[in-house]
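Worksheet for the structure shown next.
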Amino acid sequence: MRYYGDPVLTTPARTIERVDESIRALAQDMLDTMYAEEGIGLAAPQVGESLAICVVDVPRESDCDPDGQPYNPELAMPLVLVNPEIAWVSEREESREEGCLSFPDVRAPIRRPVEVTVRWTDLDGQPWERRLRGLVARCVQHELDHLKGILLTDRMSPVHRIALAGRLKRLRKATENDLRAAMRSG
Ligand SMILES: [Zn+2]
Numbered sequence: 001m002r003y004y005g006d007p008v009l010t011t012p013a014r015t016i017e018r019v020d021e022s023i024r025a026l027a028q029d030m031l032d033t034m035y036a037e038e039g040i041g042l043a044a045p046q047v048g049e050s051l052a053i054c055v056v057d058v059p060r061e062s063d064c065d066p067d068g069q070p071y072n073p074e075l076a077m078p079l080v081l082v083n084p085e086i087a088w089v090s091e092r093e094e095s096r097e098e099g100c101l102s103f104p105d106v107r108a109p110i111r112r113p114v115e116v117t118v119r120w121t122d123l124d125g126q127p128w129e130r131r132l133r134g135l136v137a138r139c140v141q142h143e144l145d146h147l148k149g150i151l152l153t154d155r156m157s158p159v160h161r162i163a164l165a166g167r168l169k170r171l172r173k174a175t176e177n178d179l180r181a182a183m184r185s186g
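Residue numbers (the working numbering): 1 to 186.
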């Protein structure tokens, strides 16, 4: 896992030209990492690969409106999105607390559109376009941010950035120290 302070996280990811065995292996590795870390989404830069691919697995029980109806009943999880793009966003936005596997113990409310239409390619090279709602819409927007090098710290309000400044600084320093140590031993 790559953490806040690692330059790969703030580098825009490269478009994937062809979905081949190496991409399928990367997707499997990302799914394994996401489940091991108990996350609901992961983008390739978070495992050190600057490529436009992310994975999402929102549990059924977290994908329901207040009446218990699924927001995205036709969507099969996990999702593997190659070269995803947002084609449309709703005007209505909502602020909800978010975390990120690259920011241990950091949570902050983030404002995002409640619905989005996303286009992507799957692992068979087939194009998809779906309207997403609820937590899936939020999670996919978070992962697409990663592919542009945009992080929670860029999205949170100045008030939260100031409140979390000490924790963020410690995390960045720890990451930079680890990277320097890895460079010396490598
Ligand atoms: Zn994240």
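Glycine residues also receive a C-beta, built at the ideal position from the N, C-alpha and C atoms.
Whole beta strand (DSSP E) runs in the region 108–139 with 3 or more residues, listed along the chain?
108–113, 116–121, 127–132
Are there any heavy atoms of ligand 1 lying less than 7 Å away from the beta-carbon of His160, as far as the coordinates show?
no
Considering only heavy atoms of ligand 1, does any lie closer than 7 Å to the CB of Leu101?
yes
Check each candidate in Val118, Arg133, Ala174 and name the one with the smallest Cα separation from Asp63.
Arg133
Could you tell me how far apart the beta carbons of Ile16 and Ile53 are, in whole angstroms, since I believe they sit closer than 8 Å?
6 Å
How close, in whole Å, do the beta carbons of Gln46 and Met1 come, if the pair is a contact with beta carbons under 8 Å?
6 Å
What are the boundary residues of the beta strand (DSSP E) that includes Val159?
It is not in any beta strand (DSSP E) - Val159 instead sits in the alpha helix (DSSP H) that spans 158–163.
Within 10 angstroms of the Cβ of Asp145, are there 16 or more other Cβ atoms? Answer buried if so, exposed if not.
buried
Reference Val159; option with closest CA among Pro70, Gly48, Asn83, Pro109:
Pro109
Using DSSP with H/G/I as helix, E/B as strand and the rest coil, what is Ile23?
helix
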